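Some notes on the structure that comes next.
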């Protein structure tokens, strides 16, 4: 198939599947809390609605930056789709996508001029604590498989079995990133309700639509990468079941835990990351991991 | 991947149509929990077609029908969707066993 057509199809799938999964996430949280919750399709309708709403610009914004950042946010996750599901390229590109995403989150808050956005921007710097376990997880995948290439990691797993069974603590580190990025997460300090909607507070209409579009794609890409590098090779049904199961688990966790304060959030992430890091090192050097 | 995109778009279209239709039918401030026979038949036909037809167009029609019932107003279409999914999975397993013999 033509590469551009493949990219377009994968982006549409990522957006729609990501939106439906986030809708399911909200539904699971509601059911755990004994509420009926919105329909699963609601997150998608909500995202589409923003594209047709009036776009207002607060007086305090740094305009070029404020507008540009939303398009960059959408663009970097489209790059994530290209590097992951389309090209099966290097994990380092996906790490780069995530790192840039953190920078964009940071700048999105600061460009608005709103105190809520600015405080969210400061917290985005703190929440970069999740990148350390992510990088460690990628390094362990490299140490075990000898490659960063997703296609080769899939080939390795088809011979030696899923990496989840050989380096489970690395999978836990990656899973912590997924929990962190899920809505209403205990680690979601940048979108704490104390900050209204955090770095998104002052983005309206079309710009907020692009942010929702990016969030949906981000959720799909992160679940895809997790399933691919720890449970691969999977077919479409395997991905569907895996994504639904992870969404259920994160929904359950988020429905039953309060949002941590920034200090507790960072310390919890670093502690879990450190335990998993040293655990995996011990497993590798004691010969448990071949 | 084109077929998966068609399926997911079909499901989304069906869900939105189901939501709009359901709110027009049920505007009351409570949920009627009784089983809707017509919706159950639509759900069963939809999910069986979606999982077992082996044809992109028929599967897409199945996802529209399945999505229509699944996407109804919260509280409606749950039992019907569960029935449809269970019957579709049973039919899938029977066909799978039959093809292996």
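Residue numbers (the working numbering), protein chains in the order written: chain A, 1 to 290; chain B, 1 to 101.
For glycine and all other residues, C-beta sits at the position ideal for the given N, C-alpha and C.
The structure presented is a predicted model; accordingly, all values stated were derived computationally and were not measured.
Subject >> chain A residues whose Cβ lies nearer than 8 angstroms to that of residue 74 of chain B >> reply: Going along chain A in sequence order, the residues near residue 74 of chain B (Cβ under 8 angstroms) are 36, 37, 38, 39.
Original post:
Would you say residue 12 of chain B reaches chain A, if we count a Cβ-Cβ gap shorter than 7 angstroms as a contact?
Top reply: So, interface residue.
**OP:** Can you tell me which of the three DSSP states residue 3 of chain B falls into?
**Re:** helix
**OP:** Measure the alpha-carbon distance for residue 56 of chain A versus residue 89 of chain B and round it to whole angstroms.
**Re:** Using only the alpha carbons, I get a separation of about 49 angstroms.
Original post:
Looking at the C-beta of residue 5 of chain B, does it have a partner C-beta in chain A at a distance below 7 angstroms?
Top reply: yes
**OP:** Given a cut-off of 7 angstroms, decide if residue 279 of chain A and residue 51 of chain A are closer than it, judged by their beta-carbon atoms.
**Re:** Contact: no.
Original post:
Under three-state DSSP, which class holds residue 90 of chain A?
Top reply: strand
**OP:** Taking residue 6 of chain A as the query, report the chain B residues whose CB atoms sit under 8 angstroms from its CB, ordered along the chain.
**Re:** 1
Subject >> Enclosing alpha helix (DSSP H) for residue 252 of chain A [first to last residue] >> reply: Per DSSP, residue 252 of chain A belongs to the alpha helix (DSSP H) from 236 to 256.
Subject >> Opening and closing residue of the alpha helix (DSSP H) in which residue 204 of chain A lies >> reply: Taken as a continuous stretch (DSSP letters only), residue 204 of chain A belongs to no alpha helix (DSSP H), as it is neither H nor E.
**OP:** Could you list the residues in the stretch 69 to 101 of chain B with a C-beta less than 9 angstroms from some C-beta on chain A, going in chain order?
**Re:** Here the close residues are 70, 71, 72, 73, 74, 75.
Original post:
Are at least three pairs of beta-carbons, each pair with one atom in the stretch 29 to 42 of chain A and one in the stretch 260 to 274 of chain A, less than 8 angstroms apart?
Top reply: no
Original post:
Name the residues in the stretch 43 to 68 of chain B whose C-beta lies less than 9 angstroms from a C-beta of chain A; which are they?
Top reply: 67
Subject >> Continuous alpha helix (DSSP H) stretch holding residue 49 of chain A: start and end >> reply: 42 to 51
Original post:
Is residue 190 of chain A near the ligand HEM, judged by its Cβ being under 6 angstroms from some heavy atom?
Top reply: Looking at this structure, you won't find the ligand HEM or any other ligand, since it has none at all.
**OP:** Show which residues of chain B have a CB atom less than 9 angstroms away from the CB atom of residue 12 of chain A.
**Re:** Under the 9 angstroms cutoff, chain B gives 5, 8, 9.
Original post:
For residue 84 of chain A, which residues of its own chain have a beta-carbon under 8 angstroms away from its beta-carbon, when the five flanking residues on both sides are left out?
Top reply: 94, 150, 221, 224, 225, 228
Subject >> residue 133 of chain A classed as buried or exposed, judged by whether at least 16 other C-beta atoms fall within 10 angstroms >> reply: buried
**OP:** Taking only runs that begin and end inside the stretch 62 to 128 of chain A, name each unbroken alpha helix (DSSP H) of 4 or more residues, in chain order.
**Re:** 63 to 81, 91 to 112, 115 to 126
Subject >> Within 7 angstroms, strictly: CB atoms of residue 7 of chain A and residue 76 of chain A >> reply: no
Original post:
How about residue 18 of chain B and residue 80 of chain B: are their beta carbons less than 7 angstroms apart?
Top reply: no
Subject >> Rounded straight-line distance, which links the Cα of residue 236 of chain A to that of residue 22 of chain B >> reply: 31 angstroms
**OP:** Measure the Cβ-Cβ separation of residue 48 of chain B and residue 10 of chain B and say whether it is below 7 angstroms.
**Re:** no
Original post:
Taking a cut of 7 angstroms between CB atoms, which residues from the stretch 17 to 40 of chain B lie near chain A?
Top reply: Of all residues in the stretch 17 to 40 of chain B, only 19 place a beta-carbon less than 7 angstroms from a beta-carbon of chain A.
Subject >> Chain-ordered chain B contacts of residue 17 of chain A [CB-CB under 7 angstroms] >> reply: The answer, in chain order, is 8.
Original post:
Between the C-alpha atoms of residue 85 of chain B and residue 60 of chain B, what's the straight-line distance to the nearest angstrom?
Top reply: 15 angstroms
Subject >> For residue 316 of chain A, the first and last residue of its enclosing alpha helix (DSSP H) >> reply: The structure shown does not extend to residue 316 of chain A, since chain A is modelled only from 1 through 290, so no value can be given for it.
**OP:** Identify which residue in B:4, B:91, B:12, B:14 has its Cα closest to the Cα of residue 52 of chain B.
**Re:** B:91
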